[in-house]
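Read the structure below first, then the notes.
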Amino acid sequence: MRIVMFNTPKPKRFRYKPRYYDEEKEKLEQRKAELGLRSELSHNESIRSQMNKRWRGSGRDIGQTRLSKMIYYGFFAFVLVGGVYAIFFTDLVDKIIALFGVGR
-4 MRIVMFNTPK PKRFRYKPRY YDEEKEKLEQ RKAELGLRSE LSHNESIRSQ
46 MNKRWRGSGR DIGQTRLSKM IYYGFFAFVL VGGVYAIFFT DLVDKIIALF
96 GVGR
């Protein structure tokens, strides 16, 4: 039996076998599965495409989120402008300082 101190293993080979991928055919098959037509997708893939379709939602939801964002930003702008007005154009700050007895 031979003893070797520095035995480096040979590198493993990388075996890459490219597969043909047709993007248009894939989109067509997913569209067929979404519409419920007969397609070549497996049962799991068709369920996955239906779930993606439901999760994406309809365009109506996007409009509702835009409206809610507009209301949020409008309220924020109103509070900001009201605060600036109250600080600089009224004597509210002086009254608050006098209330705590820090003033004159």
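Residue numbers for the sequence shown follow the working numbering, beginning at -4 and rising by one. C-beta atoms are modelled at their ideal positions from N, C-alpha and C, and glycine is treated no differently.
Could you tell me if residue i is buried or exposed, where buried requires 16 or more neighbouring beta carbons within 10 angstroms of its beta carbon?
i: A81; result: exposed
Take residue i and list the residues in its own chain whose beta-carbon comes closer than 8 Å to its own, dropping the five residues that flank it on each side.
i: N47; result: none
Could you tell me whether the Cβ atoms of residue i and residue j are closer together than 8 Å?
i: A28; j: E40; result: yes
i: S37; j: Q25; result: no
Please classify residue i: does DSSP put it in a helix, a strand, or coil?
i: K12; result: coil
i: K7; result: coil
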